[in-house]
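These notes are about the structure you will find just below.
In my numbering, the protein residues as written are 274 to 624.
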C-alpha cells in the first residue's frame with residue numbers, strides 16, 4: 274500500500290530533492306505544500322511534478338486553516354516538515370520572517386497534526402509520524418575538536434538558528450505533552466543540484482565563470498561538514514519510515530572542509546572543465562571580505578546513531594559530490610536564470 278506524505282517546503286532545495294526521490298524511487302504519494310518564496314521554485318522538481326502521485330498546493334504554513342483542509346483531503350500517513358526560512362545572512366538583515374515561518378508556522382503544523390492524529394484509528398494511527406527536519410546550527414559553534422551529537426546542548430548564535438532551535442523544542446514538547454509521534458533530524462550543510470544561487474557553492478560557480486571576484490568571509494577558515502543532498506533525502510525517508518518515536522537523528526556527510534578549501538576545490542574543477550581563456554586560474558579571483566556577525570567557527574556531525582540504528586551512510590564523498598555539483602550547474606544555466614529573479618548577489622551566504 275502506497276504511503277501519503279504531506280511535505281512542506283517541497284519546492285525548496287532539500288524539499289525538491291526529497292520530492293524527486295520519492296516520486297522517482299518509491300511509490301509514495303506526495304502532497305507538496307510550499308509558499309513559493311524567492312528560494313522555492315517548481316522548476317526545481319526536475320519533472321517530478323508531472324507525476325500523478327505529486328499534488329502541489331501553494332500554501333503558507335502559517336495559514337493553519339489551509340493546511341487543515343489539505344490534511345482532511347489527503348489523509349497523510351506522515352508529515353515531513355522542511356518549510357523554513359533558511360539563509361543566515363537574511364535572518365541577520367530581517368529576522369521577522371524567520372520567527373513567523375520557522376516558529377509560528379511549525380506551531381500551526383503541530384496543532385493541525387495533533388488534531389488529525391487524535392482522529393486516527395488502528396494501523397493508520399500506529400504508523401503516523403511528524404518528522405521535523407532541522408539543522409546542526411542549533412548547537413552553536415564547535416572548537417577545533419569534537420562533534421555534535423544528538424545530546425549536544427543547544428546554543429544558537431544567529432536569528433536563523435535560534436528560530437530553528439525554537440521549532441525543535443516545540444516539536445519535542447508536542448511529543449512529550451500531547452503524545453504526538455515525532456522524529457527530529459539535524460543535518461550538516463547540504464550541497465548539490467538545484468540549490469538557490471545565493472548559497473556558497475552555486476554562488477561561487479556563477480561568479481567564477483562570469484569573471485567576478487569570489488568573496489570569502491574573514492580568512493575562509495570557518496569549517497563545515499558537507500552533505501550531498503541526495504544522500505540526505507535518503508536518510509530523511511529512513512528516519513520517517515523506520516525511526517523511533519521521540520528520537521533525534523543527526524545526519525552528516527563526514528566531510529569537514531574550510532570554506533576556502535571548498536572554493537579552491539571548485540576553482541580547480543572549473544580550471545579542468547571550463548578553463549579561462551586568458552590561461553589564468555579561477556583561484557586568482559578569490560578575494561576576502563569582512564566577516565559577518567556571529568559567524569560560527571566550526572560545525573561537524575557525529576552520525577553514528579543513524580548509521581548504527583537505521584543503517585544509513587552517505588554514498589558520496591565530497592570529491593565525487595562536488596564534481597557532480599559543478600558539472601550540473603555548468604549544464605543548467607537555464608534553471609539558474611529562471612530562479613534568480615529575486616537574487617541580488619550581494620551576499621556570500623556560506624552558512
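Just so it is clear, CB atoms sit at the ideal spot from N, CA and C, and this is done for glycine as well.
All values derive from a computational prediction rather than experimental measurement.
Cβ-Cβ distance between residue i and residue j below 9 Å
i: residue 498; j: residue 465; result: no
i: residue 347; j: residue 404; result: no
i: residue 340; j: residue 382; result: yes
i: residue 306; j: residue 335; result: no
i: residue 573; j: residue 413; result: no
i: residue 540; j: residue 487; result: yes
i: residue 536; j: residue 594; result: no
i: residue 374; j: residue 436; result: yes
i: residue 463; j: residue 502; result: yes
i: residue 345; j: residue 390; result: no
i: residue 478; j: residue 361; result: no
i: residue 457; j: residue 522; result: yes
i: residue 398; j: residue 451; result: no
i: residue 439; j: residue 489; result: no
i: residue 596; j: residue 542; result: yes
i: residue 433; j: residue 359; result: yes
i: residue 356; j: residue 285; result: yes
Counted within 10 angstroms of its Cβ, other Cβ atoms place residue i as buried (16 or more) or exposed
i: residue 562; result: exposed
i: residue 363; result: buried
i: residue 392; result: exposed
i: residue 289; result: buried
i: residue 366; result: exposed
i: residue 518; result: exposed
i: residue 560; result: exposed
i: residue 546; result: exposed
i: residue 353; result: buried
i: residue 454; result: buried
i: residue 275; result: exposed
i: residue 231; result: There is simply no residue 231 to check, as the chain begins at 274 and stops at 624 in what is shown.
i: residue 548; result: exposed
i: residue 529; result: buried
i: residue 604; result: exposed
i: residue 461; result: buried
i: residue 606; result: exposed
i: residue 424; result: exposed
Simplified DSSP state of residue i, which is helix, strand or coil
i: residue 571; result: strand
i: residue 348; result: coil
i: residue 289; result: helix
i: residue 422; result: coil
i: residue 442; result: helix
i: residue 394; result: coil
i: residue 280; result: strand
i: residue 517; result: coil
i: residue 522; result: strand
i: residue 436; result: helix
i: residue 529; result: strand
i: residue 488; result: strand
i: residue 297; result: helix
i: residue 448; result: helix
i: residue 544; result: helix
i: residue 613; result: coil
i: residue 415; result: coil
i: residue 507; result: helix
i: residue 557; result: helix
i: residue 498; result: strand
i: residue 535; result: helix
- Just list the beta strand (DSSP E) runs in the stretch 561–605, keeping only unbroken ones of 3 residues or longer that don't cross its boundaries, in chain order. Under the rule that a run must span 3 or more residues, no beta strand (DSSP E) segment is found entirely inside the stretch 561–605.
- Message: Contact between the stretch 442–451 and the stretch 482–489 is defined here as three or more beta-carbon pairs at a separation below 8 Å; is this criterion met?
- Response: Proximity of the stretch 442–451 to the stretch 482–489 falls short of the contact definition, fewer than three beta-carbon pairs being nearer than 8 Å.
- Message: Report the start-end ranges of each beta strand (DSSP E) in the stretch 306–386 that is 3 residues or longer and not cut off at the edges.
- Response: 327–331 and 351–354, all fully within the stretch 306–386.
- Query: Do three or more CB pairs link the stretch 582–590 to the stretch 564–574 at distances below 8 Å?
  - Reply: Touching, no.
- Message: Contact between the stretch 293–301 and the stretch 502–517 is defined here as three or more beta-carbon pairs at a separation below 8 Å; is this criterion met?
- Response: Touching, per the Cβ criterion.
- Query: Can we say the stretch 311–325 touches the stretch 600–616, given the rule of at least three CB pairs closer than 8 Å?
  - Reply: The answer is yes - the stretch 600–616 touches the stretch 311–325, with three or more Cβ pairs under 8 Å.
- Item | Start-end ranges of the beta strand (DSSP E) lying completely within the stretch 459–489, minimum 3 residues | 462–464, all fully within the stretch 459–489.
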